[in-house]
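**Q**
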Amino acid sequence: MCGGSVLNRRWVITAAHCVKNRRTSQMHIIVGKHNRSRTEGTESSFAIDKIVMHPRYSKYKFRNNDIALVRLKGSIKYRREVAPVCLPVTDVSPGTVCVATGWGLTRGTGDNTVLRQVRAPIIDTKTCNGTGWWDGRVTNVMICAGYKNGKRNACVGDSGGPLVCKAKGVDGVWTLHGVTSIGSYDCTST
Numbered sequence: 006m007c008g009g010s011v012l013n014r015r016w017v018i019t020a021a022h023c024v025k026n027r028r029t030s031q032m033h034i035i036v037g038k039h040n041r042s043r044t045e046g047t048e049s050s051f052a053i054d055k056i057v058m059h060p061r062y063s064k065y066k067f068r069n070n071d072i073a074l075v076r077l078k079g080s081i082k083y084r085r086e087v088a089p090v091c092l093p094v095t096d097v098s099p100g101t102v103c104v105a106t107g108w109g110l111t112r113g114t115g116d117n118t119v120l121r122q123v124r125a126p127i128i129d130t131k132t133c134n135g136t137g138w139w140d141g142r143v144t145n146v147m148i149c150a151g152y153k154n155g156k157r158n159a160c161v162g163d164s165g166g167p168l169v170c171k172a173k174g175v176d177g178v179w180t181l182h183g184v185t186s187i188g189s190y191d192c193t194s195t
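Numbering-wise (the working numbering), the sequence shown opens with residue 6 and increments by one.
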């Protein structure tokens, strides 16, 4: 299971590793889901029409370009629980505290039934590539967010979910700056 973000009524954005080598008939997209353990009446399920993977995605190159678009066979109805994510017009600065969401593991144990969110500060690429962090594996097409040690971060099971940041100068607007791709296995480091 992976997360994703609604771009418009027919398209969802997610991580390429979530959909690579999978037939569209083997997957479906559910929007409006908050609690996985029960039907809430807010969710809608869609068959997949088409998957467009980044042409330079490679799981062997530290998941470089780990992004994909999924076109739905149906059309999403917007409501309070389901709306498109806004896209940014500017880059986000290091130090900005953003939010990642997902149903992934917490503290390396058990996944969640309820959608969770975690605050994740943006880290500059030089720091993120340092020794003890990602040791030079982060490229210029990636964004690094989270904490080095001891605090909550995105984790296994959060893949494909959004990293959203408050838009500068616009109250109440959050913009998509990243798609969760890879993180530490203990869920307490970047």
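Where is the CB? At the ideal position from N, CA and C, for every residue including glycine. Owing to the predicted nature of the structure, the values given are computational and were not obtained by experimental measurement.
Does the region 49–58 touch the region 93–105, meaning 3 or more C-beta pairs lie closer than 8 Å?
**A** No, the region 93–105 is not in contact with the region 49–58.
**Q** Quick check: what's the CA-CA separation for cysteine 142 versus tyrosine 152?
**A** A small fix is needed here, since residue 142 is arginine in this sequence, not cysteine. Straight-line Cα distance between these residues: approximately 17 Å.
**Q** DSSP on alanine 21, reduced to helix/strand/coil?
**A** helix
**Q** Looking only at C-alpha atoms, which of Ser164, Thr144, Met32, Leu168 sits nearest to valine 123?
**A** Leu168
**Q** Apart from the five residues on each side of it in sequence, which residues of its chain come closer than 7 Å, Cβ to Cβ, to arginine 15?
**A** Arg76, Leu77, Ser80
**Q** Given this structure, state the Cα-to-Cα distance separating threonine 195 from alanine 150, to the nearest angstrom.
**A** Residue placement at threonine 195 is flagged as unreliable, the pLDDT there being 46, under the threshold of 50; the coordinate-derived value follows with that caveat. If I take the Cα positions, the gap works out to 7 Å.
**Q** Rounded to a whole number of angstroms, what is the C-alpha to C-alpha distance between serine 63 and glycine 46?
**A** Near 38 Å, if we compare the C-alpha coordinates of glycine 46 and serine 63.
**Q** Taking DSSP as the reference, what is the three-state secondary structure of cysteine 7?
**A** coil
**Q** Roughly how many whole angstroms lie between the Cα atoms of leucine 92 and threonine 185?
**A** 16 Å
**Q** Please report the straight-line C-alpha distance between lysine 25 and methionine 58, rounded to a whole angstrom.
**A** The alpha-carbon atoms of lysine 25 and methionine 58 are separated by roughly 8 Å.
**Q** Assuming arginine 68 and isoleucine 187 form a contact by the criterion Cβ under 8 Å, report the distance between their Cβ atoms to the nearest whole angstrom.
**A** Rounded to the nearest angstrom, the Cβ distance from arginine 68 to isoleucine 187 is 5 Å, consistent with a contact under 8 Å.
**Q** Here's the rule: buried if 16 or more other CB atoms are within 10 angstroms of the residue's CB, otherwise exposed. What is threonine 44?
**A** exposed
**Q** What residue range does the alpha helix (DSSP H) around lysine 66 cover?
**A** Unbroken run through lysine 66: none, as it is neither H nor E.
**Q** Aspartate 163: which of Thr132, Val119, Gly174, Leu74 sits nearest, CA to CA?
**A** Val119
**Q** Near asparagine 117, what residues of its chain come up, given a Cβ to Cβ distance below 6 Å and the 5 sequence neighbours on each side ignored?
**A** Trp108
**Q** Hey, quick one: how far does the alpha helix (DSSP H) through cysteine 91 stretch, first residue to last?
**A** No alpha helix (DSSP H) contains cysteine 91, which DSSP labels as neither H nor E.
**Q** Within the same chain, show all residues whose beta-carbon is closer than 6 Å to that of cysteine 23, passing over the 5 residues directly before and after it, in chain order.
**A** Closer than 6 Å at the Cβ level, and outside the excluded window around cysteine 23, lie Cys7, Ser164, Gly165.
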